[in-house]
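Working notes, structure below.
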Amino acid sequence: MTTAPLSRRGFLAGLGGLGVAGILGACATGSDDTSGTASSTLTLQSSLSDADPKAALTKVVEGYTKNKVTLNTIAIETFRAQLPTYLNSGNPPDVLTWYAGSVARDYASKGFLLDVSDLWTGSGPCAGFSPALKELSTADGKQIFVPTNYYWWGVFYRKSAFQEWGVQVPTTWDEFIQVCKTIKSKGVAPISMGTGSTPWVASGWFDYLDLRINGAEFHRDLLAGKHPFDGPEVKAVMDHYRQLVEYIDPKGRSYSWQDAVTPLNSKKAGMYLIGAFITSAVPADGVDDLDFFRVPIIDPSVPVAEEAPTDGYFASAKSKNVSGAKDLLAYLAAPQSQQQFIQLSKSSNLPTSQQVDTSTFSPLVQKGIKLLNDSKAITQFFNRDSSDELQTTADTALTKFLDRPGDVNKILTEWQANAKKVFGQ
Amino acid sequence: MTAATLTRPASEQTAETPANRKRRRWVFHAVMAPLTLLWVAPMIFVLVLAFRSFDDIAQNGTAAWPSSFTFQGFKTALGTGAMGRALWISIQVTVPAVLLSLLLASWAAYALSRYAVPGRRIILLTMLAGNLLPPQILLIPVSRVMESLGIYDTLVALVAIHVGFGLGFYTFVLHGFMRSIPSELTEAARIDGAGPVQIYARIIMPLCRPSLAALGALATTWIFNDLIWAITVLRTEAKLPVTAALLNLQGGYVSNWNVVAAASVVAAIPTAIVFFAFQRHFVSGLLMGSTK
Numbered sequence: 001m002t003t004a005p006l007s008r009r010g011f012l013a014g015l016g017g018l019g020v021a022g023i024l025g026a027c028a029t030g031s032d033d034t035s036g037t038a039s040s041t042l043t044l045q046s047s048l049s050d051a052d053p054k055a056a057l058t059k060v061v062e063g064y065t066k067n068k069v070t071l072n073t074i075a076i077e078t079f080r081a082q083l084p085t086y087l088n089s090g091n092p093p094d095v096l097t098w099y100a101g102s103v104a105r106d107y108a109s110k111g112f113l114l115d116v117s118d119l120w121t122g123s124g125p126c127a128g129f130s131p132a133l134k135e136l137s138t139a140d141g142k143q144i145f146v147p148t149n150y151y152w153w154g155v156f157y158r159k160s161a162f163q164e165w166g167v168q169v170p171t172t173w174d175e176f177i178q179v180c181k182t183i184k185s186k187g188v189a190p191i192s193m194g195t196g197s198t199p200w201v202a203s204g205w206f207d208y209l210d211l212r213i214n215g216a217e218f219h220r221d222l223l224a225g226k227h228p229f230d231g232p233e234v235k236a237v238m239d240h241y242r243q244l245v246e247y248i249d250p251k252g253r254s255y256s257w258q259d260a261v262t263p264l265n266s267k268k269a270g271m272y273l274i275g276a277f278i279t280s281a282v283p284a285d286g287v288d289d290l291d292f293f294r295v296p297i298i299d300p301s302v303p304v305a306e307e308a309p310t311d312g313y314f315a316s317a318k319s320k321n322v323s324g325a326k327d328l329l330a331y332l333a334a335p336q337s338q339q340q341f342i343q344l345s346k347s348s349n350l351p352t353s354q355q356v357d358t359s360t361f362s363p364l365v366q367k368g369i370k371l372l373n374d375s376k377a378i379t380q381f382f383n384r385d386s387s388d389e390l391q392t393t394a395d396t397a398l399t400k401f402l403d404r405p406g407d408v409n410k411i412l413t414e415w416q417a418n419a420k421k422v423f424g425q
Numbered sequence: 001m002t003a004a005t006l007t008r009p010a011s012e013q014t015a016e017t018p019a020n021r022k023r024r025r026w027v028f029h030a031v032m033a034p035l036t037l038l039w040v041a042p043m044i045f046v047l048v049l050a051f052r053s054f055d056d057i058a059q060n061g062t063a064a065w066p067s068s069f070t071f072q073g074f075k076t077a078l079g080t081g082a083m084g085r086a087l088w089i090s091i092q093v094t095v096p097a098v099l100l101s102l103l104l105a106s107w108a109a110y111a112l113s114r115y116a117v118p119g120r121r122i123i124l125l126t127m128l129a130g131n132l133l134p135p136q137i138l139l140i141p142v143s144r145v146m147e148s149l150g151i152y153d154t155l156v157a158l159v160a161i162h163v164g165f166g167l168g169f170y171t172f173v174l175h176g177f178m179r180s181i182p183s184e185l186t187e188a189a190r191i192d193g194a195g196p197v198q199i200y201a202r203i204i205m206p207l208c209r210p211s212l213a214a215l216g217a218l219a220t221t222w223i224f225n226d227l228i229w230a231i232t233v234l235r236t237e238a239k240l241p242v243t244a245a246l247l248n249l250q251g252g253y254v255s256n257w258n259v260v261a262a263a264s265v266v267a268a269i270p271t272a273i274v275f276f277a278f279q280r281h282f283v284s285g286l287l288m289g290s291t292k
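As given, the protein sequences belong to chains A and B, one line each in that order. Numbering-wise (full-length UniProt numbering), the first sequence opens with residue 1 and increments by one. Numbering-wise (full-length UniProt numbering), the second sequence opens with residue 1 and increments by one.
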């Protein structure tokens, strides 16, 4: 009798152990064929989950033969949330796609990013990039980012629609308001803006009005916490924003930015301030009819600034294969890779390398290049010039403002309080 | 007043004519039919969306009357969307996780319900309490644990997580069910010379089949539909299960709603099959606690 419980337990434990080992073992052998070779294979973690850019990057990576590369594409919002985990893990991906500017610097300050300064000197692939790009990719005197393409923002409209309504492209603020009035009188919403599931779109107008009224330098300082959001400068910005509110399609409050393109396509809305990526949300036959103009000048004495968010790659500081990661970065930054990527992704992005032949790009893209070349200063975008945390405060404030423009003073005070918390961290 | 209300039920009972009953049924249908329509509308909406073309959706919006019919959405979802591979991964995760968690839970429930394990009430309540914790607050600790175990970014990690998180609830349900099996049955078996393992395998398990089937169906849907753990512990695209692959179809800039809708339809098929196959057990299994 005394041996019975012992043997029972022993038997159960043995059975349990066998079962677990067997089943887990079966899983392990079924799934580790890629992780087993991870040390010699480079991992490229990509957030480009849109169909065309994804296919383009796959093609570009296929052309890289020096090392084996595994391309992992993860949906952008998941990628954004998981990025700190990726970089902080014991065996991080070697190369990752992300944004230049404050966001990259933020990770660099935590020691997550590989110093790639040698790619920027001598005959390195980034040596020929513009000084502005170099400055953008620098943190604490070291280059930690490899920019490969960027895009512009503008007020997009349909040429045929403007003809129908008999309006001309405005260049000053008063002309712009006049155009809004005319379009509204035709029973069409003058401005489309999808701030439902993508509230950051509302920051587009905020950024531009601030750039036009207070200039790029003030804007950067504001986003760095050096000026208050409830000061007279931002109040002036919001006064102009308030003039726009009555012309913004109220339905946009429940749309994502993509959904808000549909009214523009079907001529139920007139204009849309958005990035050049809009071309991927327009049906094939509508792209030729699409055009854009520079956000109108408000104060001619302020140097013209434009938003040109820059995308590219950085490498993880803990990469097991540093020379391989740098080699892959160099390949991705090379002019032919840039050109191949931009053309295959059917995007309207611009190459960072000056050696890329842009003469074959569409007229719209040519116009975009000219727009940026004519600008005195370049900014990224609200979140890229600050942080994702500060973007959240902007989303809250601007969403409230669009609902109740009359409460602007209260909203700005709240915004400043929230921003203080972000900077206080 | 009181007299009137008291007499009414009596008069109503006598007036329960077939015509009256028919009218009541008519009212029932008149109310329930629109509710049913409302209930299935989103599914029909997704199904219609899956067969529309991208240009049609971009031009007219997602809510417009369809003006195109194409299988392109399904083609893209199964082709570049790699829904086929993701489905296979999901099966590789779901099947071992369900089998293993039910096996372990049945052992635990058997021991806790048939033997005087010291502190079994506390063990059971602790297991259940663990289930009340929202998984969101455990995301980072769990991913760190997986990292230190060296199984981060493997399907083993995902299976282990699902087994671990499901175990408490399954044990609790099975424990309740096993306790309702009369002890005379097991005593009789013991008199006949059956050991604990034999009693477990030949008496308890066959009797638990309905609850195991119900839990199996529940566990399959839960694990199959899980997204949060998949995107927490996996980062290699080729290892993503169907839910995470579905999320990947939605880009930051463009959303090909027809592809997303088609992929959702594909992803819903396995759980629908499991649900219909176990439907009977599912309903009786959900009632299990209430009859006890």
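In this text, a Cβ means the ideal position worked out from N, Cα and C, and glycines have one as well.
Quick one: any contact between the region 149 to 158 of chain A and the region 265 to 273 of chain A, if contact means 3 or more CB pairs under 8 angstroms?
Yes, they touch.
Pair within 8 angstroms by beta-carbon distance, Phe112/A and Ala317/A
Cβ atoms of Phe112/A and Ala317/A: closer than 8 angstroms.
Give the residues from the region 180 to 208 of chain B that approach chain A closer than 9 angstroms (Cβ to any Cβ), ordered along the chain.
Residues Gly195, Pro196, Val197.
Under 6 angstroms Cβ to Cβ from Gly73/B, same chain only, skipping five residues before and after it: list those, please.
Within the same chain, and ignoring the five residues on either side of Gly73/B in sequence, the residues whose Cβ sits closer than 6 angstroms to its Cβ are Ala50, Asn258, Val259, Ala262.
Beta-carbon spacing of Leu328/A, Leu96/A below 8 angstroms:
No, the pair does not count as a contact, with Cβ atoms beyond the cut-off.
Which two residues bound the contiguous beta strand (DSSP E) that contains Ala305/A?
From DSSP, the beta strand (DSSP E) with Ala305/A extends over 305 to 307.
Residues bridged to Ala139/A (per DSSP)
Ala139/A pairs with Lys142/A.
For Gly176/B, list the residues DSSP reports as bridge partners.
Per DSSP, none; premise fails for Gly176/B.
Within the same chain, show all residues whose beta-carbon is closer than 7 angstroms to that of Ala217/B, passing over the 5 residues directly before and after it, in chain order.
Within the same chain, Ala217/B has close Cβ partners Val274, Phe275, Phe278, His281, Phe282.
So within the region 81 to 143 of chain A, which uninterrupted alpha helix (DSSP H) runs reach at least 4 residues, ignoring any that extend past its ends?
Correct list: 102 to 109, 131 to 136.
Per DSSP, which residues does Asn72/A bridge with? Please list them.
BP columns for Asn72/A point to Gln45/A.
Report the option in Leu167/B, Arg235/B, Pro182/B, Pro135/B whose CA atom is closest to the CA atom of Ser106/B.
Comparing alpha-carbon positions, the option among Leu167/B, Arg235/B, Pro182/B, Pro135/B lying closest to Ser106/B turns out to be Leu167/B.
Near the ligand COA: Ala238/B beta-carbon under 7 angstroms from a heavy atom
Absent from the structure shown: the ligand COA. Ligands present: none.
Proximal chain A residues relative to Tyr152/B, where beta-carbon distance stays under 7 angstroms
For Tyr152/B, the chain A residues whose C-beta falls within less than 7 angstroms of its own C-beta are Ser89, listed in chain order.
Residues of chain B with a CB under 8 angstroms from the CB of Val282/A: which are they?
Neighbours of Val282/A across chain B, judged by C-beta separation under 8 angstroms: Ala58.
Can you find a CB in chain C that lies within less than 8 angstroms of the CB of Ser40/A?
Here the protein chains are A and B, and chain C is not one of them.
Tell me the DSSP bridge mates of Ile298/A?
Beta-bridge pairing links Ile298/A to no other residue.
So, is the C-beta of Arg235/B closer than 8 angstroms to a C-beta in chain A?
The beta carbon of Arg235/B sits closer than 8 angstroms to some beta carbon of chain A.
Name the residue from Ser117/A, Thr148/A, Gln416/A, Ile297/A whose alpha carbon lies nearest to the alpha carbon of Asp311/A.
If we check each option's Cα against that of Asp311/A, Thr148/A comes out closest.
Following the continuous beta strand (DSSP E) through residue 484/A, name the residue where it begins and the one where it ends.
The shown model of chain A, from 1 to 425, leaves out residue 484/A, and the question about it has no answer.
Chain A contact for Ile231/B (CB, 8 angstroms cutoff):
By the rule that beta-carbons nearer than 8 angstroms mark a contact, Ile231/B touches chain A.
Residues that Ser316/A bridges to, as DSSP identifies them:
Its beta-bridge partners are Leu113/A.
Give a yes or no on whether the C-beta atoms belonging to Met127/B and Phe172/B are separated by under 8 angstroms.
Taking the C-beta atoms as reference points, Phe172/B is found nearer than 8 angstroms to Met127/B.
Could you pull out every residue in the same chain whose Cβ sits closer than 6 angstroms to the Cβ of Lys68/A, ignoring the five residues on either side in sequence?
Apart from the 5 residues on each side of it in sequence, Lys68/A sits with its Cβ closer than 6 angstroms to the Cβ of Thr41 in its chain, given in chain order.
Any beta carbon from chain B within less than 8 angstroms of Thr85/A's own beta carbon?
Chain B contact via Cβ: present.
From the DSSP output, in three-state form, read off Pro134/B for me.
Of the three classes helix, strand and coil, the one that applies to Pro134/B here is coil, per DSSP.
Reducing DSSP to helix, strand and coil, say where Asn149/A ends up.
Shown here, Asn149/A sits in a strand according to DSSP, grouped into three states.
Assess contact between the region 235 to 254 of chain B and the region 178 to 189 of chain B, defined as three or more Cβ pairs (one per stretch) separated by less than 8 angstroms. Is contact present?
No contact exists between the region 235 to 254 of chain B and the region 178 to 189 of chain B.
DSSP on Ile181/B, reduced to helix/strand/coil?
In the structure shown, Ile181/B sits in coil (DSSP, three-state: anything other than H, G, I, E or B).
Spatial distance of Pro134/B from Phe79/A (CA atoms)
Spanning the two alpha carbons is a distance of roughly 22 angstroms.
Can you tell me which of the three DSSP states Ile248/A falls into?
Reduced to three states, the DSSP call for Ile248/A is strand.
Do Lys226/A and Ala305/A count as a contact pair if the criterion is CB distance below 8 angstroms?
The beta carbons of Ala305/A and Lys226/A sit no closer together than 8 angstroms.
With the cut-off set at 8 angstroms, would you say Lys159/A and Asp289/A are in Cβ contact?
Note that the C-beta distance between Lys159/A and Asp289/A is below 8 angstroms.
Do we get a CB-CB distance below 8 angstroms when we pair Asn265/A with the residues of chain B?
With 8 angstroms as the cut-off, Asn265/A counts as an interface residue toward chain B.
Three CB pairs or more closer than 8 angstroms across the region 97 to 108 of chain A and the region 137 to 145 of chain A
Three or more beta-carbon pairs drawn from the region 97 to 108 of chain A and the region 137 to 145 of chain A are found closer than 8 angstroms, and the two stretches are therefore classed as touching.
How long is the line joining the alpha carbons of Pro170/A and Phe176/A, rounded to whole angstroms?
If you draw a straight line from the Cα of Pro170/A to the Cα of Phe176/A, it comes to about 5 angstroms.
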